[in-house]
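S.K.: First, the structure itself, so that you have it in front of you.
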Amino acid sequence: MASGEVVIQSMWSPAVTKVRSMGVPCIYQPLKEGYRAWAAGFGLPKTLSGKKLDAAYDFINWFLSGWAGAFLNRQGYYSAVLDTAKAQMEPYEWAYWMEGKAAERDIKAPDGTLLEKAGTVRDGGSFEARMGAVACWNAVMDQNDYMVRKWNEFIAA
Amino acid sequence: MSDGGAGGTALLRPSAVPATTGVGVWLRRLASRAAAPYWQAAPLALVFAFFFVLPLVVTVVVSLWRYNEYSITPALVGDNYASVFSGCLAELPSLCLTFKTYLSTLKFCVLAWALTLLLGFTVAYFLTFHVRSLTGQMTLFLVCTIPFWTSNVIRMISWVPLLGRNGLVNSFLVSAGLTREPLTWLLFSDFSVALAFVHLYTMFMIVPIFNSMSRIDRALLEAARDAGASGWQALWNVVVPLSKPGIVIGSIFVVTMVMGDYVTIGVMGGQQIASVGKVIQVQLSYLQFPLAAANAVVLLAVVLMVIAAMTRLVDVRKEL
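Residue numbers (numbering that gives the first Met the number 0), protein chains in the order written: chain A, 0 to 156; chain B, 0 to 319.
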């Protein structure tokens, strides 16, 4: 994408912010069909016990306590606990990333590089607008066999 | 077996092991000279059995299993093969997925084979008959192997900055005024895939053909010239027939590698060109192991048929 060899692509949010912070105009194009959404969470195996179990919970508590959430939000993802993430973000950042408002000040990427000039609006708008338009979740669907076959046919066409 | 006599003499010698008991006979057989070749072949046979025969058997067995989104269950059903060929008869004359994919794969196979053969034969001919000194031959041969010092993937990726939209070739063409717009068929196209195959696999043609050619008696070429043959006639009637084993071995290398390839076609074709290997890879990535195994077995059968046809043209064993 950054080398100019690719013009359209399915991309992760951090990759888009990275390409944009390199100065390449790259937009997230919302489709009228809706979004494909991914979710990731933590699962603890039942074999965990004692110190290891405590440590696992400590890690999850830290992860949800705000700093990591704010980092994820600034990459364009949505953290699982928005309240704690909000506390770690500036109000103007929250307005840009979550409320779909025009940026009051320059928006910085998590590593501090300039991402967007003041005045820009996030592609796709607010949290409600984006998450309200999720058409499918990235999971193994009932029509898995059919879809894989259709994908191979698409490539062979 | 010419060493049967040697085995006989070993048996005539008196031995410490009594020959009457069963164990004694066994030990003597194991220690006899006749058994030596089997012992010598055993390590490689074991390696082959474990790393080649066993996986192949497992693939064939799994291709008969059932599967769903999250599990595979032992069974003995032909469903996966039916799925591979589903619609292939009903949809005629338009091609089903499998036929279309094989057609695309075979196209690259023929292209890569013809181009590597032409280049490989020419290079081998030059090395054998035009480079007189052995040092010269060795040096040029080593030069041919230099690209192999880097990995396959790096060699492919390095085409991108050369052939891309903003690549060296396009920026030269545009700045020289030869084209107004950058050429888009240079990269992520049939052209780039064929180019990468030729780049990657020509060496596999050069080596066996060079090997065959270097065994040709130079006196034969002189005899051909004395008998009035032109250069082309000598090439076609003397050099080509005597290089056949090398040509067939090189062809087997190239054809098998191109038929099973999915990395080159994926990287150089922008993931949008069909190949049998790619279909298998997509199915594996969605955990359809039995279906992928069935596809692999079909591919194996096709490649074996191609190789059988090629070895029918030349008896490679006899010629070696």
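For every residue, glycine included, the Cβ atom is placed at its ideal position computed from N, Cα and C.
Being a predicted model, the structure only gives us computed values, none of them experimental.
Between the C-alpha atoms of B/S320 and B/L172, what's the straight-line distance to the nearest angstrom?
M.R.: For residue 320 of chain B there is no data in the structure shown, the boundaries of chain B being 0 and 319.
S.K.: For B/I272, list the residues DSSP reports as bridge partners.
M.R.: DSSP, once it has assigned bridges, lists no residue as partnering B/I272.
S.K.: Keeping to the same chain, check which residues put their C-beta closer than 6 Å to that of B/V122; ignore five residues upstream and five downstream.
M.R.: Closer than 6 Å at the Cβ level, and outside the excluded window around B/V122, lie I205.
S.K.: Go ahead and pull the three-state DSSP assignment for A/C135.
M.R.: In this structure, A/C135 counts as strand in the three-state DSSP scheme.
S.K.: Would A/R35 and A/L114 be called neighbours here (beta carbons separated by less than 8 Å)?
M.R.: The answer is no: Cβ separation not under 8 Å.
S.K.: I'd like to confirm the pairing. Which residues does DSSP put opposite B/L88 in its beta bridges?
M.R.: Partner(s): none; B/L88 has no beta bridge.
S.K.: Can you list the residues of chain A that B/T100 reaches, using a CB-CB cut of under 8 Å?
M.R.: Those within 8 Å of B/T100 in chain A are N151, A155.
S.K.: Measure from the alpha carbon of A/D82 to the alpha carbon of each residue in A/R104, A/V139, A/W66, then state which is nearest.
M.R.: Of A/R104, A/V139, A/W66, the residue nearest in Cα terms is A/W66.
S.K.: Please list the terminal residues of the continuous beta strand (DSSP E) segment that includes A/E152.
M.R.: Per DSSP, A/E152 belongs to no beta strand (DSSP E); it is in the alpha helix (DSSP H), 143-155.
S.K.: I'd like the span of the alpha helix (DSSP H) that includes A/E127, first residue to last.
M.R.: Element bounds for A/E127: 126-130.
S.K.: If B/L96 sits next to A/R148, beta carbons under 8 Å apart, how far is it from one beta carbon to the other, in whole angstroms?
M.R.: B/L96 to A/R148, Cβ: 7 Å. Contact.
S.K.: Given a cut-off of 8 Å, decide if B/S242 and B/M202 are closer than it, judged by their beta-carbon atoms.
M.R.: No, these two residues do not count as a Cβ contact at 8 Å.
S.K.: Taking its Cβ as the centre, do 16 or more other Cβ atoms sit within 10 Å of A/N151, making it buried, or is it exposed?
M.R.: Buried, by the Cβ-count rule.
S.K.: Between the segment 143-161 of chain B and chain A, which residues of the former have CB atoms less than 8 Å from a CB of the latter, in chain order?
M.R.: For the segment 143-161 of chain B, which is checked against every Cβ of chain A, the residues closer than 8 Å are V159, P160.
S.K.: When the Cα atoms are used, what is the spatial distance from B/F120 to B/A308?
M.R.: Those two C-alpha atoms are separated by around 21 Å.
S.K.: Excluding five sequence neighbours on each side, which residues of the same chain lie with their C-beta closer than 6 Å to the C-beta of B/G245?
M.R.: These residues qualify, in order along the chain: P207, I208, N210, S211.
S.K.: Apart from the five residues just before and just after B/V266, which ones in its own chain have a Cβ nearer than 6 Å to its Cβ?
M.R.: Once the five neighbours on either side are set aside, the close Cβ partners of B/V266 are M155.
S.K.: Among A/A155, A/V15, A/F70, A/L30, which has the Cα closest to the Cα of A/P24?
M.R.: Residue A/V15 is the option with its Cα nearest to A/P24.
S.K.: Going by CA-CA distance only, name the one from B/P181, B/E180, B/L162 that's closest to B/F187.
M.R.: Closest option to B/F187, Cα to Cα, is B/L162.
S.K.: Under 8 Å, do A/Y91 and A/R104 count as touching if we go by C-beta distance?
M.R.: Yes.
S.K.: Could you work out which residue in B/A291, B/V59, B/K99 is closest to A/A155 when comparing CA atoms only?
M.R.: The shortest C-alpha separation from A/A155 is found at B/K99.
S.K.: Using 8 Å as the limit for Cβ to Cβ distance, is A/R35 near chain D?
M.R.: The structure shown contains no chain D; the protein chains it does contain are A and B.
S.K.: For B/I215, I'd like the list of residues in its chain whose CB is within less than 7 Å of its CB, leaving aside the five on either flank, ordered along the chain.
M.R.: V238, L241, listed in sequence order.
S.K.: For A/L114, report the span of its beta strand (DSSP E) as first-last.
M.R.: It spans 113-115 - the beta strand (DSSP E) in which A/L114 sits, taken as one unbroken run.
S.K.: So is A/G118 buried or exposed if we call it buried at 16+ other beta carbons inside 10 Å?
M.R.: Classification of A/G118: exposed, given that the 10 Å Cβ count is below 16.
S.K.: Taking the C-alpha atoms as reference points, what is the distance between B/V253 and B/M304?
M.R.: The alpha-carbon atoms of B/V253 and B/M304 are separated by roughly 15 Å.
S.K.: Any Cβ of chain B within less than 8 Å of the Cβ of A/V23?
M.R.: No, no contact with chain B.
S.K.: Helix, strand or coil for A/M140 per DSSP?
M.R.: Three-state DSSP puts A/M140 in coil, outside helix and strand.
S.K.: Name the residues in the segment 278-294 of chain B whose C-beta lies less than 7 Å from a C-beta of chain A; which are they?
M.R.: Listed by position along the chain: V278, V281, Q282, Y285, Q287.
S.K.: Do you know whose CA, among A/P109, A/A84, A/G131, lies nearest A/F62's CA?
M.R.: Taking only the C-alpha atoms, the option nearest A/F62 is A/A84.
S.K.: Which residues in chain A sit within 9 Å of B/L186, going by Cβ to Cβ distance?
M.R.: Simply E4.
S.K.: Does any residue of chain A have a CB that is nearer than 8 Å to the CB of B/E322?
M.R.: Chain B is shown only over 0 to 319; residue 322 of chain B falls outside these bounds and no answer can be derived.
S.K.: Quick one: Cα of B/N165 to Cα of A/E4, how far?
M.R.: Rounded to whole angstroms, B/N165 to A/E4 spans 7 Å at the Cα level.
S.K.: Which value, in whole angstroms, describes the spacing of the CA atoms of B/I71 and B/S85?
M.R.: Distance between the alpha carbons of B/I71 and B/S85: 21 Å.
S.K.: Within 10 angstroms of the Cβ of B/R311, are there 16 or more other Cβ atoms? Answer buried if so, exposed if not.
M.R.: The residue in question, B/R311, is exposed, as its Cβ has fewer than 16 Cβ neighbours within 10 Å.
S.K.: How is B/T183 classed by DSSP in three states: helix, strand or coil?
M.R.: In the structure shown, B/T183 sits in coil (DSSP, three-state: anything other than H, G, I, E or B).
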